[in-house]
Amino acid sequence: MTESTITKLICANHGSMNVDELDANFYSDLPVSVRDVITNQAKFCFVVFDGEQRVVAKTGVRLCRSKDCQGCRNLHFCKRFLLGDCPFSRRRGGCHFNHDLTSGDNSRILKEHGLEELNRSELCTLLLQNDGFLLPQLCHNYSNGVGEYGKCQDGETCKRLHICEMYLRGSCNCPRCHDFYEPHPLKILKDRGVPNELIASLKSVYMNMEWLQKQNHAKQGKGQHQRDKSEICMYFIKGSCIHGDKCFKAHSTMPYQWEVKEGLNWTALQNNEVIEKDYCDPAKTYSRGVQPVCFDTMTCGLNKARRLSTVSSVLEPMFILTTEWAWFWEDEHGNWIQYTSASGGHRAATITSEELEKRFQEDNKAVMEFTAGSQTYELSFPDMIQTNKQYCTKKVVRRRPVFVSSADAQTIKTSKRAPSNHSNFRALPGHWDKVQTPETGYKRVDLPCLSVEFKEIQGLFQNTMRGFSIRQIQRIQNKSLWEVFQWQRDLMKKNNRGRNVTEKQLFHGTDSKYLDAICLNNFDWRICGLNGTAYGKGSYFARDAKYSNSYTGQSNMRSMFVCRVLVGDYTKGHSHYLRPPSKDGGDTIFYDSCVDDVSNPSIFVVFEKHQVYPEYLIHYGEDVAGSQVYQPYYRPAPVPAPAPRPAPTYRPAPTPAPKPESSCVIS
């Protein structure tokens, strides 16, 4: 497997491919993976589109625009023949341009760029999306403004292509042109020698062109070159630094700055806050975006990457916007557990993240010892490995910062002090039992069967679950998950220009072995399994309990969650989605969730667990004839015996036996 074979396959598939599909076309036991090969930014470009990661083929080869030139490094080849049809070759004098790609100079240039294996059609696809000279340019004025031609003043005489740009990036219902075969675009294409055979694939070509141009513009950005400055100045971030440009520390308005090394200079990466948010999640090893950063190797493509940071909070506790570091270890299920957190059934360690950070700052090559329960562990800072001294089992350790958004940073600057951990969160729900709300972990609180709260959940359940009986309903009280859910709601509201976010009560059925994990750590389809993949690889929630029931197993006693879900703005899902698709074809504005049917959704797919709060847990089973387990039982009162005749005496009627309290089982 080489770059050449991968380029050939991509070009045979319209110039870009889904990374997973590309990976599946090669043997998995090869010494080099596809993902390693396509990190070459000179030949491949990564993009995220509609929730999927794609790779676009790149090249520096161009067609020479001159008929004859000396020492040219471009291909000397007939443009019309490359596109598929040269009318001059059918004339008596023939075409004056070269029709042979195997000629001396052409063959040499193709080999230098690793393109000698491409046939004419594949080479045509590659050059079309990389060489802006071969196709007519889009008229940007046409796609903007009002009226038939938008802001284009040339109208029908315009030499640029009148095609809706939003249509090229995805789907669009506007009145502008969405068809290359309409009179104006077809005429422009014919004037440039584009044959009919190519027109059907032009949408993907222009989309690939736009992705490549965006990457080139990002690389050409001047950026802020900061050489040999590995720490952010605390005085500048607070408001002023008397040293100005002579300061030996980096000047940044944020407590972190992600950079990539280009040549001798370090250049600021785009989407600084997005990269930082991904880095703060210990489960992630790559950032999102067109230029993903690998956190394990600290590289961006083939280039080195780095994170500038303010000083650690344990070293300068009196400064604002210092960096608070959290320490995590990975358990056998792939969950990342923060030190001192008794999560997932694990004993809390005797050492905290803050204590670990202090020891790390004192000596980052040390090996320290601590206990958790009855076990003793060693943590090696150089290897970032935790070892059980008795069983010699090893766990990976990660040190990640606590996320601070630009809004958080501004709040801290203006208030001159860091907000408390709970200042940004609303109070706990008024109907919660505060006595049974632990500071960490969760508590399941049984609902009285005659309470309004019980009957509301019962009504939702029984709308589609005839033939089943509720045995018990429990309210899940998890303070940490509730606060994160409130934070996520506020964040989505800000991103929605202050408008309220659509929130629904939805069902989720699962195996009973996952109940505790969900109550403690929320939904994670990688751990709790998939409830379908038709609309994306995420956590599935249903409007109707009947749908979720099919994922609860076949035991006599089943369990189903009723969840609060921030569905927000949604769109139709697709099986290959790893996240909701983009709203505008870019890589910054995305839908919040996916559904089965936009006009009447009954299935919702959520890819971010913070959008969900598992609010109630219903335990139920099928109705069984004659069973006293699921049916309410009432003992009839004895009927008073009639007085005997003809004796004129009367006996008092026996007192009816009291009815037992109704069971909480509801049919």
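The opening position of the sequence shown corresponds to residue 6 in the numbering used here, with each subsequent residue numbered one higher.
Note that beta-carbon positions come from the ideal geometry of N, C-alpha and C, so glycine has one too.
Please read all numbers here as calculations on a predicted model, not as lab measurements.
Nearest to threonine 328 by C-alpha distance, out of Gln296, Lys363 and Gly294, is Lys363. With respect to glutamine 134, valine 210 sits close: the two C-beta atoms are nearer than 8 Å. The DSSP assignment places complete beta strand (DSSP E) segments of no fewer than 3 residues inside the segment 42 to 84 at 49 to 54 and 57 to 62, in order along the chain.
For phenylalanine 102, same chain residues with a beta-carbon under 6 Å away, outside a window of 5 residues either side, are Cys83 in chain order. If the five residues before and after lysine 509 are omitted, its C-beta is found closer than 6 Å to the C-beta atoms of Val570 and Val572, all from its own chain and listed in chain order.
Close CB contacts of lysine 282 within its chain, under the 7 Å cut and outside five residues either way in sequence, are with Phe408 (chain order). DSSP lists Phe566 as the bridge partner or partners of histidine 513. Taking the Cα positions, arginine 174 is about 32 Å away from arginine 312. Ranked by Cα distance from threonine 304, the options Ala205, Ile325 and Ile280 are led by Ile280. Judged by DSSP in its simplified three-state form, alanine 29 adopts helix. Closest option to asparagine 561, judged by alpha-carbon separation, among Asn18, Asn30, Phe31 and Glu627: Glu627.
Listed in chain order, the non-local C-beta contacts of isoleucine 242 below 6 Å within the same chain comprise Leu326, local neighbours out to five positions each way being set aside. Counting only runs of 4 or more residues that sit fully inside the segment 111 to 160, the alpha helix (DSSP H) segments are 125 to 135, in chain order. Looking at the DSSP output, tyrosine 545 bridges to Val610. Excluding five sequence positions before and after alanine 288, the CB atoms of its chain that fall closer than 6 Å to its own CB belong to Trp341, given in chain order.
Using a Cβ distance threshold of 8 Å, valine 567 and isoleucine 608 do not count as a contacting pair. Here the segment 90 to 97 does not lie against the segment 168 to 183, with fewer than 3 beta-carbon pairs under 8 Å apart. Shown here, arginine 404 sits in a strand according to DSSP, grouped into three states.
Contact between valine 617 and cysteine 599 does not hold, since the beta-carbon distance rounds to 14 Å and is not under 8 Å. For histidine 615, the three-state secondary structure derived from DSSP is helix.
Between glutamine 482 and glutamine 415, the gap from beta carbon to beta carbon reaches 8 Å or more. With contacts defined by Cβ atoms closer than 8 Å, leucine 123 and lysine 13 form a contacting pair.
In the DSSP assignment, the residues bridged to tyrosine 261 are Ser314. Its chain contains Thr290 as the residues whose beta carbon lies nearer than 7 Å to that of aspartate 301, once the 5 sequence neighbours on both sides are disregarded; these appear in chain order. At a Cβ-Cβ threshold of 8 Å, cysteine 285 and arginine 471 do not count as neighbours.
When rounded, the separation of the alpha-carbon atoms in aspartate 602 and proline 586 is 15 Å. About 18 Å separates the CB atoms of phenylalanine 546 and phenylalanine 595; that is not less than 8 Å, and the two are not in contact.
Secondary structure of tryptophan 341 (DSSP, three-state): strand. Closest in alpha carbon position to lysine 208, among Arg548, Leu143, Asp516 and Ala29, is Leu143. For glutamate 281, the uninterrupted alpha helix (DSSP H) segment begins and ends at 277 to 284. CA-CA distance, asparagine 393 to glutamate 383, rounds to 7 Å.
The residue among Ala522, Asn276, Glu458 and Leu115 with its C-alpha nearest the C-alpha of leucine 132 is Leu115. Counting only unbroken stretches of 4 or more residues, the alpha helix (DSSP H) elements lying wholly within the segment 478 to 505 are 484 to 500, in sequence order. Rounded to the nearest angstrom, the Cβ distance from phenylalanine 473 to tyrosine 625 is 5 Å, consistent with a contact under 8 Å.
Secondary structure note for arginine 449: its beta strand (DSSP E) is the uninterrupted segment 448 to 451. Restricting attention to Ser314, Leu320, Ala377 and Leu455, the CA atom closest to the CA of tyrosine 344 is found in Ala377.
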